[in-house]
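The opening position of the sequence shown corresponds to residue 706 in our numbering, with each subsequent residue numbered one higher. Glycine included, each C-beta is placed from N, C-alpha and C at the ideal position. The next block holds one structure in the form of structure tokens; read it before the comments.
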Amino acid sequence: MKRFFARSLKHKLSLMVIIATTLPLLCFGFFTYLIATDISEEKAKQAGMNTLRQLRTQLELMTKDVENMSIFLIGDESIQEYMGRPQKGTLVQSSIYGFLMNLAYTKEYIANIELRPFNSNPSIAQTTILKSGFPVSEEGKDSQQVKFWTSLYEDLTVTGAKRVISLVRPIRKISSYQTIGEMTISLDEDVIAKLLRNSNLEGNGTILLLDKNRNIISSSESENLYKPITGVLADYPATTADEGSFNSGGQQNTVLYYKIPSMDWTLVGVIPFKEYSAQNRYVLNLTGIGVFIAVILSAGFLVLLIARVTNPLSALVKYLNSANLEKPLPLLPVPTIDEVGQLMISYNRFSDRIQKLTDQVKRNEALKKEADLLALQAQINPHFLYNTLSSVNWLALMNKEYKIAEMVNSLSEFLRFSLNGGGEFCTVRQEIEHAQYYVNIQSIRYPEQFDFEIRVDPVLMDRLMLKLLLQPLIENAILHGVLKKEEKGKIMVEVEKLEQNIRFTVYDNGAGINDDKRSELNALLSDIRPEHEIVLQQGSYGLRNVNQRLRLHYGSPFGLALDKDLSGGTKVSFIIPDTKEDQQ
706 MKRFFARSLK HKLSLMVIIA TTLPLLCFGF FTYLIATDIS EEKAKQAGMN TLRQLRTQLE
766 LMTKDVENMS IFLIGDESIQ EYMGRPQKGT LVQSSIYGFL MNLAYTKEYI ANIELRPFNS
826 NPSIAQTTIL KSGFPVSEEG KDSQQVKFWT SLYEDLTVTG AKRVISLVRP IRKISSYQTI
886 GEMTISLDED VIAKLLRNSN LEGNGTILLL DKNRNIISSS ESENLYKPIT GVLADYPATT
946 ADEGSFNSGG QQNTVLYYKI PSMDWTLVGV IPFKEYSAQN RYVLNLTGIG VFIAVILSAG
1006 FLVLLIARVT NPLSALVKYL NSANLEKPLP LLPVPTIDEV GQLMISYNRF SDRIQKLTDQ
1066 VKRNEALKKE ADLLALQAQI NPHFLYNTLS SVNWLALMNK EYKIAEMVNS LSEFLRFSLN
1126 GGGEFCTVRQ EIEHAQYYVN IQSIRYPEQF DFEIRVDPVL MDRLMLKLLL QPLIENAILH
1186 GVLKKEEKGK IMVEVEKLEQ NIRFTVYDNG AGINDDKRSE LNALLSDIRP EHEIVLQQGS
1246 YGLRNVNQRL RLHYGSPFGL ALDKDLSGGT KVSFIIPDTK EDQQ
């Protein structure tokens, strides 16, 4: 067998190529299955989290409406009068009862509204409660001081048992802030459960709603009610973040959770692994069939291909053996006597000429690629881009899409300045206009996220400067500053005369950087070395680029400086020589 493979290149190539082809195909199939499994699980998680976010919004709207309704009722004059002093007759009581009925009739999720005065007046309830299951643990709360949401409990009404979750809050006299009664507005758990069932969680999963004590107060499956979450998911963690996911029950379930901070509730989605593992089995079967067919076809094709390749090689060996060269070449070792060995013997005679031909081909290819690149660059026509953006702008104006028109117009002017024939310098006025166009685009992209202000000495507007310096700094202030704050931020650009120079400063009141990081960046900016460029490139390409261009054009003293703004944000500044337009 060894001699069989040693004397034939065809046999060796056939075996090695089949093995080399089969192994990658098998690995590819295996990793495809793993990736498909991860994608299926990630898709289920993303879809599930989107469902929980939508439910959170709906529940927040519902509970916010109830809280607003309670405030509205507290401020009602007739309710204030009824709760504040004893009443003779039932006229006011009947009026308030009708008012509560009309108010609750428009909200299907309201099960009951009850007013309990602390005087001798009787309580007024929209629904007659025969027996209330108000949680004993909640009765101890000082409802005269704060409002609170109860856990799930059951009321027995004339129409049957009804599960409810209630908002309890004190009623205070408007004039003296004295507590004169108590109000309870109950949410119908059946309506919440219907909302959970209709949410269509990925993989026919179950959705649970937990109160602050982690008890289940609503569920798409009623058998889970009143249980602690650990009674359904034994490995549910004691503490969780605001949102996230984990695998439960030995990889049997994927559990998603999303907190509702305003009520201290938590939405929990449970997706059984078997629901989306069927997709993985389908991918596994499909991948196995595909790999098997690919291996068979590849093996057959490669055997034929190798036969076609080795036959000419055998003929070529015979030709090379008969060739006569003018000068002998250094001999190379010949490890075998197969076709490759014979070819190496001939290579010993022709290697120099082959090397020269190879070098010539490389030079020709390099010249060809260079010519192709120059031809491609010559075909770039920015006017086509401007005209196209102008057409889009007019179409937006015709359709009264003024935001789109503004954004397209700003983009057009932004690109027109950036591609102005390769010029490196511009006036301060042009640089500020270019920055303003960029800010216009970002303001539309991130509405109500930041304010922008420019302060510039009018005398400096016609001074010359290196172009495209402000925009990267403003971009850095937006992305790494104000957008990292929850509240609305502010960015300001200031241009001022400084003896024989002009100073440009970009302020932002964003997240800021700590003193150690700022000192490190200033040290790297003032001493640019290759290793420092790598560090800066990893941190901020815009800062590195602007700093490098300033130092190259104006000299090493002119570069970026980072400082901490008084607002807690960041201040980035640079200085350039004061150059008038006629001095360029």
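8 Å or more divides the Cβ of Y1142 from the Cβ of E1111. The alpha-carbon of F1155 is positioned some 4 Å away from that of G1194. Residue nearest to S1003 within the set F1279, L731, W854, F1263 is L731 (criterion: CA-CA distance). Assigned with DSSP and collapsed to three states, V1097 falls in helix. Going by DSSP, D895 is part of the alpha helix (DSSP H) stretching over 894 to 902. In this structure, DSSP gives L1165 a helical state, which the three-state scheme calls helix. In the three-state reduction of the DSSP assignment, S799 falls in the helix class. For G1264, there is no enclosing beta strand (DSSP E), since its DSSP letter is neither H nor E. Cβ contact annotation for K917 (same chain, cutoff 6 Å, sequence separation greater than five): D969, in chain order. Taken atom to atom, the span from the alpha-carbon of I1179 to that of A749 is near 38 Å. Shown here for I784: same chain residues with a beta carbon closer than 7 Å to its own, the five before and five after excluded, namely L778, I801, L820 in chain order. Looking at the DSSP output, K836 sits in a beta bridge with L861. Around the Cβ of Q751, a 10 Å sphere holds fewer than 16 other Cβ atoms; the residue is exposed. Comparing alpha-carbon positions, the option among A816, A1182, E1129, I1146 lying closest to R1254 turns out to be E1129. Around Q883, the same chain offers R877 as residues with beta carbons nearer than 7 Å, after the five sequence neighbours per side are excluded. In this chain, the alpha helix (DSSP H) harbouring S1148 covers 1133 to 1150. If you compare the alpha carbons of L1175, D1283, Y941, K1189 with that of L1265, the shortest gap goes to L1175. Rounded to the nearest whole angstrom, the C-alpha separation of K1190 and F853 is 31 Å.
If you ignore the 5 residues before and after A816, its C-beta comes within less than 6 Å of the C-beta of K867, V869, S891, D893, all in its own chain and listed in chain order. Taking a C-beta distance under 8 Å as the contact criterion, L1271 and N1227 do not qualify as a contact pair.
At the C-beta level, V1211 and I1159 stay beyond 8 Å of one another. V863 and M888 have their C-alpha atoms spaced approximately 21 Å apart. Residue pairing by DSSP places S953 opposite N958 in a beta bridge. Just so you know, the alpha carbons of T959 and I994 end up roughly 29 Å apart. In the DSSP assignment, F1209 forms a beta bridge with V1200, F1279. K717 and L1010 have their C-alpha atoms roughly 13 Å apart. Taking each of L1165, P1177, D895 in turn and checking the Cα distance to R1208, the smallest one comes out for L1165. A residue is called buried when at least 16 other Cβ atoms come within 10 angstroms of its Cβ; N755 does not meet this threshold and is exposed. With a cutoff of 8 Å on beta-carbon distance, M788 and P822 are scored as near each other. DSSP places Y738 within a helical segment (H, G or I) once states are collapsed to three.
The DSSP-derived three-state label of Y810 is helix. Rounded to whole angstroms, L857 and D770 show a C-alpha spacing of 19 Å. If the five residues before and after S1096 are omitted, its C-beta is found closer than 6 Å to no C-beta atom of its own chain. Taking C-beta atoms under 8 Å as the contact rule, L872 and L760 fail to qualify, at a distance of about 19 Å.
One thing to note: I1196 has its Cβ no nearer than 8 Å to the Cβ of V1161.
Cβ neighbours of G1217 within its own chain (closer than 7 Å, five residues either side excluded): K1269, G1273, G1274, T1275.
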